[in-house]
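Working notes for the structure below.
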Amino acid sequence: MSQSQSQRGTEKRKPVALHVAVPTEDESYPVLIGPGLLAKLGYELRRSHSTARRVALVSDDNVMPLYGELARTSLEAEEFVVHNFTIPAGEASKSVEQLVKLVEGMVGAQMGRRDVVVALGGGVVGDLAGLAAALFMRGIACMQCPTSLVAQVDASVGGKVAVDLPAGKNLLGTFHFPTVVLIDPEVLQTLPDRELGCGLAEMLKHGALFSPEHFHQVVAAADDIHGRDADVLARMVAASVALKAACVSRDPREQGEAGKGRVVLNLGHTVGHAIELASGFELKHGEAVGLGLVAAARVSERKDLAKTEDGEPGLEQQVKAALTALRLPTNLDDWLTPERLERLEAGLGNDKKRGFSSISYIGLSRIGDPAVLSLTPQEIVGLLRNPKPDC
């Protein structure tokens, strides 16, 4: 290997450190991104929690066999006492029953207020472990180690933790900011293609909200990302996380004025969550969010919010083309059949962003320019289903 090749290899493995600020509270935290970082889990945790003794290592039965031993070895090297908690993989584990079981396990492990929960897994693990940490003894520290692309670029950064109720997703939750987020793109080598696509939907969302350049870069990098190119993954994950982190830092608890706070991060999620729930979670979260992005584009066009230059494709056409390039579904109309609309509308009625009767629905005037619309569930369904009337 030449010296220049060796230098490039070293540069590629150098971690990126981002900072998520929580301006009014002493809860700011670093996001560390780089290949091989999972092996340094214990070192990074000890740096931020010098007095901690016990660790609840929470993962699922897909991820624990792959990376649990590496994480445990790293933690024990820093003299942490590690207690493993393995949950069944899948959205069904984001339940009150699993939450109580995990908290009771932490009690049985004699964990204390200075100890730490480490969430090693995708969004389900991060949500469940984070909420358990928030509730245990009125709140202990949580470190997020996301192993899916959707968790790396979205779920692990921002501090939202929750479990589902029969009426809808994420209805029982709170904000519990992590003390550290550690992102190792190398763990994506074992991630199934379908799960990888889910993360691409969230990355596309960040570009659609904040950066037309990132929107187009994600599409252009799709083949390299599906090919698990570690260098491209690290670079694109860092870019997407930086966009979300900047938004979260401006409005950490989603209290910002409509259109100016982190509520815009719900782009694609209002209809996406309702479709995900209506599918009985047959659709993956990112797949449903992709369909939610199509819905947001359609609503934006039919409300005359979206603007396109003469000769340019319409917003819905742009979004569908991007999703197709990312190997994600675009078949929104399949979910607008009479038998499915009732479930879809019911899911919208339980949306967390609703006011007295309306929902703060995130639309786009163009790629990179979000806006908030106040719409009822019935209006959203009507705009999605009915053709735009001729002028």
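Going by full-length UniProt numbering, the sequence shown opens with residue 1, and the numbers climb by one from there. For each residue, glycine too, the CB sits at the ideal point set by N, CA and C. In this text the structure is predicted, and so the values were computed from the model without any measurement.
Check: Relative to the C-alpha of PRO192, which residue among GLY123, GLY42, ARG228, PHE136 is closest?; Outcome: ARG228
Check: So, for SER357: in the same chain, excluding its five sequence neighbours on each side, which residues have a beta-carbon less than 6 Å away from its beta-carbon?; Outcome: THR376
Check: Would DSSP call ASP251 helix, strand or coil?; Outcome: coil
Check: Report yes if the C-beta distance between PRO252 and GLY159 is below 8 Å; otherwise report no.; Outcome: yes
Check: Considering only their Cβ atoms, is the gap separating MET236 from GLU246 smaller than 8 Å?; Outcome: What sits at residue 246 in the sequence shown is Ala, not Glu. Contact flag unset, no.
Check: In angstroms, rounded to a whole number, what distance separates the CA positions of ALA129 and GLU301?; Outcome: 39 Å
Check: Measure how close the beta-carbons of LEU149 and GLU195 come, nearest whole angstrom, since I'm counting them as under 8 Å.; Outcome: 7 Å
Check: Report yes or no: do the segment 151-169 and the segment 292-307 share at least 3 C-beta pairs separated by less than 8 Å?; Outcome: no
Check: Whole angstroms are fine: how far does the CA of ASP310 sit from the CA of GLY173?; Outcome: 45 Å
Check: Provide the residue(s) that pair with ASN160 in DSSP beta bridges, ordered along the chain.; Outcome: Per the sequence shown, residue 160 should be read as Lys rather than Asn. Answer is PHE175, bridged to LYS160.
Check: Check whether the segment 175-191 and the segment 303-320 are in contact - that is, three or more C-beta pairs closer than 8 Å.; Outcome: no
Check: Quick check on ASN62: buried or exposed, where buried means 16 or more other Cβ atoms within 10 Å of its Cβ?; Outcome: buried
Check: Can you tell me the Cα-Cα spacing of ARG343 and LEU243, whole angstroms?; Outcome: 33 Å
Check: Quick check on the DSSP output: what are the complete beta strand (DSSP E) runs of length 3 or more inside the segment 300-367, in order along the chain?; Outcome: 359-366
Check: Please report the residue range of the beta strand (DSSP E) in which VAL103 lies.; Outcome: Note, VAL103: premise wrong, no beta strand (DSSP E); alpha helix (DSSP H) at 96-108.
Check: Label ARG138 either buried or exposed according to how many other C-beta atoms from any shown protein chain fall within 10 Å of its C-beta, with 16 as the threshold for buried.; Outcome: exposed
Check: Once DSSP output is grouped into helix, strand and coil, what is the label at THR10?; Outcome: Confidence at THR10 is low in this model, with a pLDDT of 40, below 50, so the placement of that residue should be treated as unreliable; the coordinate-derived value is given next. If DSSP states are grouped into helix, strand and coil, THR10 belongs with the helices.
Check: Tell me, please, whether the segment 107-126 touches the segment 49-67 by the rule of three or more beta-carbon pairs shorter than 8 Å.; Outcome: yes
Check: What's the C-alpha gap between GLY382 and PRO338?; Outcome: 12 Å
Check: Taking only three categories from DSSP, how would you classify LEU375?; Outcome: strand
Check: If you count every other CB in all the chains shown that lies within 10 Å of the CB of GLY34, and 16 or more means buried, which is it?; Outcome: buried
Check: Please report the distance separating the alpha-carbon of HIS269 from that of LEU305.; Outcome: 19 Å
Check: In or out: GLY90 buried (at least 16 other Cβ within 10 Å) or exposed?; Outcome: exposed
Check: Could you round the C-beta distance between MET143 and VAL180 to whole angstroms and report it? I think they count as a contact, below 8 Å.; Outcome: 5 Å
Check: For TYR43 and ILE359, I'd like the C-alpha separation in whole angstroms.; Outcome: 44 Å
Check: Quick check on the DSSP output: what are the complete beta strand (DSSP E) runs of length 3 or more inside the segment 18-68, in order along the chain?; Outcome: 29-33, 54-60
Check: Going by DSSP, name the residue or residues bridged to PRO185.; Outcome: DSSP, once it has assigned bridges, lists no residue as partnering PRO185.
Check: Is the beta carbon of residue 396 less than 8 Å from the beta carbon of ARG54?; Outcome: Only positions 1 to 391 of the chain appear in this structure, which leaves residue 396 out of reach.
Check: Reducing DSSP to helix, strand and coil, say where GLY121 ends up.; Outcome: strand
Check: So if DSSP puts HIS216 in a beta bridge, which residue, or which two residues, is it bridged to?; Outcome: HIS216 is not bridged to any residue.
Check: Considering just the uninterrupted stretch of the alpha helix (DSSP H) at PHE210, what are its terminal residues?; Outcome: 193-210
Check: What does the alpha-carbon distance come out to for the pair PRO389 and LEU336?; Outcome: Residue placement at PRO389 is flagged as unreliable, the pLDDT there being 47, under the threshold of 50; a coordinate-derived value is accordingly withheld.
Check: Buried or exposed for residue 395, please, with buried defined as at least 16 other CB atoms from any protein chain shown within 10 angstroms of its CB.; Outcome: The shown model of the chain, from 1 to 391, leaves out residue 395, and the question about it has no answer.
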